[in-house]
Amino acid sequence: MPPENSDKELSVAAIRDGTVIDHIQNEATFKVADILNLDTGEEVVLVGMNLPGSKAGRKGLIKIDGRELTLEEVNKIALIAPRATVNIIKGYRVVEKRKVQLPEQVEGIVRCINPNCVTNKQSVTTRFDVLESSPPSLRCVYCERTVSGADIILK
Amino acid sequence: MLQSGDSVISIRDFDSEEIQQVLSVAARMEREDNRDLMRGKILATMFLEASTRTKLSFMSAMLRLGGEVLDFGDTEHSSFKKGESLSDAIRIVSGYCDVIAMRHPWEGAARLAAQIAGLPVINAGDGANQHPTQTFLDLYTIQKVRGRIDGLSVGFVGDLKYGRTVHSLATALSRFDCRQIFVSPPTLRIPAGLLRELEEAGVRYEVSEDLVSAISKLDILYCTRIQRERFADSLEYERTKGAYRLDLALLERGGARDELRIMHPLPRVGELSTDLDDTPYAVYFQQARNGVPVRQALLSLVLGKE
């Protein structure tokens with residue numbers, strides 16, 4: 158049986174083993190689910206939005222039952238949800254809290270802003286070197302164009 | 025260090041030691057007889073954008089090393105006309121040769137080709153992005169005419185905003201202890217992103233609009249063409265062009281050092297007076313010739329013949 162849950166953040170519906178991604182910027186919630194391909198897996202996925210957040214207004218939250226996200230997967234969401242925390246749950250308890258962190262290279266998530274880049278001309282998986290993580294600044298491995306802020310366009 | 029099987033895609037991939045490796049092999053290529061070095065090897069040239077000089081220089085380099093050259097033909101007559109993708113074309117051509125020299129109008133095309141080809145690809149220009157063999161020959165020229173790269177003041181004049189050769193050379197020089205001076209009209213100023221990179225690399229640089237007052241500080245002056253299509257107003261174009269036109273009188277007015285050497289990637293259209301051609305300042309024709317030993321060096325390094 159799940160223990161009596163005093164932690165408000167995890168009160169949507171407790172999961173026994175799996176991953177809870179918390180403190181997602183509200184509007185980025187579905188994009189996070191999309192990047193992690195959560196719609197194609199077998200696991201039960203619970204998505205919460207407009208939840209009361211502690212600091213920055215409303216937040217999003219995603220619970221994935223029965224699957225522990227790897228660090229690599231976690232870092233894929235760093236571009237769109239830099240303040241998210243990832244809780245690994247075992248036996249209804251948080252056994253590990255991970256902060257998302259941009260990897261050295263992001264693959265297949267961002268579209269290059271340069272219309273003349275080969276990645277916009279042919280079907281090529283985009284790759285960007287991460288120059289700065291906060292605020293994020295990326296350089297296209299192919300055309301070498303640097304993008305930051307609002308110019309970072311997700312696919 | 026550059027090794028057998030490597031591709032040459034962007035000057036960003038090279039540190040000062042690797043640049044020196046290429047320059048010293050190029051110097052040896054120029055000194056020694058290497059006419060059998062590439063016997064039995066085939067270079068395929070894929071120039072899908074107009075270029076005369078670079079293509080001829082690649083072909084000459086391979087032929088002088090005893091290798092052979094296959095030409096893919098231009099876009100008008102090649103399989104691209106039938107809608108073949110770049111990836112497919114690369115897969116096919118890589119079966120016919122040992123190394124590919126490629127120019128393509130899309131930025132990043134050479135990097136993609138190198139991933140697919142399974143053999144060395146040398147980028148001969150990818151859109152407005154990179155043209156590393158030009159940068160190597162520029163560096164080789166500087167080293168040859170001044171005996172060194174470190175400790176020099178290098179000025180750039182002309183279109184510094186769009187000039188691909190300028191951006192690549194400035195990046196390459198940031199690997200050395202050089203002062204860089206960027207002289208241009210305000211509308212064609214060197215991009216802020218590039219200046220940030222130079223700052224991060226600890227490069228000393230100046231940005232100026234006044235060519236005459238910069239002249240006396242320079243060891244090398246790298247000129248580029250100011251293109252009419254960059255200006256909305258033709259009067260503004262004529263005025264700007266005039267203010268940045270380099271001739272003997274301007275060098276004298278600016279108090280040029282005797283050792284100053286003037287470079288230009290050519291072709292020139294009026295920004296560089298012919299009255300400089302026969303002076304010791306002019307090294308631009310020598311610069312163009314240096315393309316051959318530099319490309320010989322790169323071909324032999326990536327094919328493991330060095």
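Quick mapping for you: the protein sequence lines, in order, are chains A and B.
Under this note's numbering, the first residue of the first sequence carries the number 158, and numbering increases by one thereafter.
Under this note's numbering, the first residue of the second sequence carries the number 25, and numbering increases by one thereafter.
We treat Cβ as the ideally placed atom computed from N, Cα and C, and that holds for glycine.
Closest in C-alpha terms to Val190 (chain B), from the list B:Ala141, B:Gly142, B:Gln158 and B:Arg135, comes B:Gln158. Counting only runs of 4+ residues, the alpha helix (DSSP H) found wholly inside the region 81–133 of chain B occupies 110–117, in chain order. Contact annotation for Leu323 (chain B) against chain A: no contact, minimum CB-CB distance about 24 angstroms [criterion: below 7 angstroms]. When B:Leu212, B:Thr195 and B:Asp201 are compared, the shortest CA-CA separation from Gln154 (chain B) is found for B:Thr195. Note on geometry: alpha-carbon atoms of Thr276 (chain A) and Gln45 (chain B) lie some 32 angstroms from one another. It is roughly 39 angstroms from the alpha-carbon of Ile245 (chain A) to the alpha-carbon of Glu224 (chain B). Closer than 8 angstroms to the CB of Glu108 (chain B) there is not a single CB belonging to chain A. With respect to chain A, the C-beta atom of Ser28 (chain B) has no partner C-beta closer than 8 angstroms. About 16 angstroms separates the CB atoms of Ile244 (chain B) and Gly279 (chain B); that is not less than 8 angstroms, and the two are not in contact. Three or more Cβ pairs drawn from the region 311–324 of chain B and the region 47–67 of chain B lie within less than 8 angstroms of each other, which places the two stretches in contact.
In this structure, Ser232 (chain B) and Leu270 (chain B) do not form a Cβ contact; the two beta carbons are roughly 15 angstroms apart against a cut-off of 8 angstroms.
Within the region 260–302 of chain A, the runs of beta strand (DSSP E) at least 3 residues long that lie entirely inside it are, in chain order, 262–264, 284–290 and 293–297. Against chain B, the CB of Asn271 (chain A) has a partner CB under 8 angstroms away; the residue lies at that interface. Comparing alpha-carbon positions, the option among A:Ala238, A:Pro292 and A:Gly223 lying closest to Gly306 (chain A) turns out to be A:Pro292. For Met53 (chain B), the enclosing alpha helix (DSSP H) stretches over residues Ser40 to Arg55. Only residues of its own chain outside the window of five on either side were considered, and among them Thr276, Asn277, Thr283, Ile310, Leu311 and Lys312 have a CB closer than 8 angstroms to the CB of Arg268 (chain A), listed in chain order.
Listed along chain B are Ser109, Leu110 and Ser111, each with a C-beta nearer than 7 angstroms to that of Gln279 (chain A).
At a beta-carbon threshold of 7 angstroms, the residues of chain B lying near Val275 (chain A) are Trp130, Glu131, Gly132, Ala133 and Leu136, ordered along the chain. Taking C-beta atoms as the reference points, Leu295 (chain A) and Ile234 (chain A) fail to come closer than 8 angstroms. Boundaries for Ala235 (chain A): no beta strand (DSSP E) harbours it, and the DSSP string shows neither H nor E there. For the pair Ile146 (chain B) and Ile33 (chain B), the Cα-to-Cα distance works out to about 6 angstroms. Around the C-beta of Gly226 (chain B), fewer than 16 other C-beta atoms lie within 10 Å, and the residue is accordingly described as exposed.
Apart from the 5 residues on each side of it in sequence, Arg170 (chain B) sits with its Cβ closer than 8 angstroms to the Cβ of Leu176, Asp243, Ile244, Glu283 and Arg285 in its chain, given in chain order. Secondary-structure assignment with DSSP links Ala68 (chain B) through a beta bridge to B:Leu94 and B:Ile124.
About 17 angstroms separates the beta carbons of Met126 (chain B) and Gly91 (chain B), which is beyond the 8 angstroms limit, so they are not a contact pair.
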